[in-house]
Every structure is written in structure tokens, then in C-alpha cells.
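Numbering (our numbering), first residue to last: 11 to 155. These notes concern the structure reproduced below.
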């Protein structure tokens with residue numbers, strides 16, 4: 011068996027239909043497009059709706075813009091830290107991501123909602139003033155990464 015001996019299975023292929031090559035070919039005259047109308051005549055641009063007001067003009071434009079330079083913080087409150095580390099210990103952004111409290115790749119900011127009663131050594135990218143006070147009052151330390 012050689013490459014030039016290979017043939018498709020019988021009946022698996024069909025000859026290409028040559029449209030618009032005369033009535034005897036079976037697809038002559040209108041070539042399967044029917045009679046008149048925009049579909050019989052040519053291509054219409056994408057989004058054309060036959061003279062109706064197109065979707066991209068019916069839908070209102072949105073105001074404002076999205077600032078690509080905005081810092082989107084991953085926020086963690088001190089009450090969540092107290093729940094996650096009930097015996098105290100060291101907390102850093104990687105540990106918060108592992109515990110599912112912070113998003114990967116986003117800077118972590120610790121906020122002051124709730125209470126903390128255990129000594130935590132917290133490392134994060136930012137702290138609110140109330141969060142820093144509560145952590146240090148409980149005997150912990152605060153370090154900005």
C-alpha cells in the first residue's frame with residue numbers, strides 16, 4: 011500500500027456544486043438565491059438590519075470610563091483574621107490567599123471591622139488606622155509589606 015493507492019470510501023465524498031453555470035447544471039439562473047431581494051443581490055455589511063435602527067445605535071452608550079490604573083484591593087477585616095487564626099500566629103498575604111480570604115495577585119488591605127483578642131503578627135500591603143490599633147492593642151504587630 012502506497013500513498014497514491016489511498017482513496018476515500020465509496021460514497022463518502024460528493025462533487026462540489028458549481029452554481030450559476032447554466033440551467034443544465036441544475037443550479038443555474040438564480041443559483042439558489044431565489045428571486046430579487048437584498049439576499050439575491052449581494053453582501054450586506056455585518057450588523058445591517060434592513061433599514062431598521064441597528065442594535066449598536068439602539069443601545070445607549072455608557073457614561074464614564076474604567077480607570078486601568080486603579081488599585082483594586084483585596085480587603086480582609088480583623089474579625090476574619092481572628093476566626094482564621096484563633097490561637098494567634100503569623101499572617102501574610104500568601105497565607106490569606108491559601109485560606110481563601112484574599113484574591114491572588116491583588117494587594118491586601120486589612121480593615122478594622124470586628125474585634126481581635128489574640129496576638130497576631132500581620133503583614134499586609136496596607137492597614138486602616140482602626141485595624142492597626144486593634145491588632146496592636148491585642149498584643150500583635152503590624153508590618154506593611
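Glycine residues also receive a C-beta, built at the ideal position from the N, C-alpha and C atoms.
Can you name the start and end residues of the beta strand (DSSP E) that residue i belongs to?
i: residue 50; result: Counting along the chain, residue 50 falls outside any beta strand (DSSP E), though it belongs to the alpha helix (DSSP H) covering 48-51.
i: residue 66; result: Note, residue 66: premise wrong, no beta strand (DSSP E); alpha helix (DSSP H) at 65-68.
i: residue 130; result: 130-134
i: residue 8; result: Nothing can be reported for residue 8, as the shown portion of the chain is limited to 11 through 155.
For residue i and residue j, I'd like the C-alpha separation in whole angstroms.
i: residue 88; j: residue 62; result: 57 Å
i: residue 147; j: residue 66; result: 58 Å
i: residue 36; j: residue 77; result: 60 Å
i: residue 75; j: residue 17; result: 59 Å
i: residue 103; j: residue 117; result: 8 Å
i: residue 56; j: residue 48; result: 14 Å
i: residue 140; j: residue 80; result: 24 Å
i: residue 54; j: residue 70; result: 24 Å
Going by beta carbon distance, what residues of the same chain come within less than 6 Å of residue i, once the five residues before and after it are set aside?
i: residue 136; result: 119
Would you mind working out which of the options sits nearest residue i, comparing C-alpha positions?
i: residue 97; options: 82, 41 and 150; result: 150
i: residue 165; options: 107, 132 and 126; result: In the structure as shown, the chain starts at 11 and stops at 155, and residue 165 therefore has no counterpart that could be examined.
By Cβ distance, which residues of its chain are closer than 8 Å to residue i, with the 5 residues on each side in sequence left out?
i: residue 123; result: 87, 88 and 89
i: residue 125; result: 88, 89, 92 and 144
From what residue to what residue does the alpha helix (DSSP H) around residue i run?
i: residue 121; result: Careful: residue 121 lies outside any alpha helix (DSSP H), inside the beta strand (DSSP E) at 118-121.
i: residue 106; result: 103-108
CB-CB under 7 Å to residue i, same chain, minus the five flanking residues each way: which ones, in chain order?
i: residue 109; result: 94
i: residue 33; result: 39
So for residue i, helix, strand or coil by DSSP?
i: residue 153; result: strand
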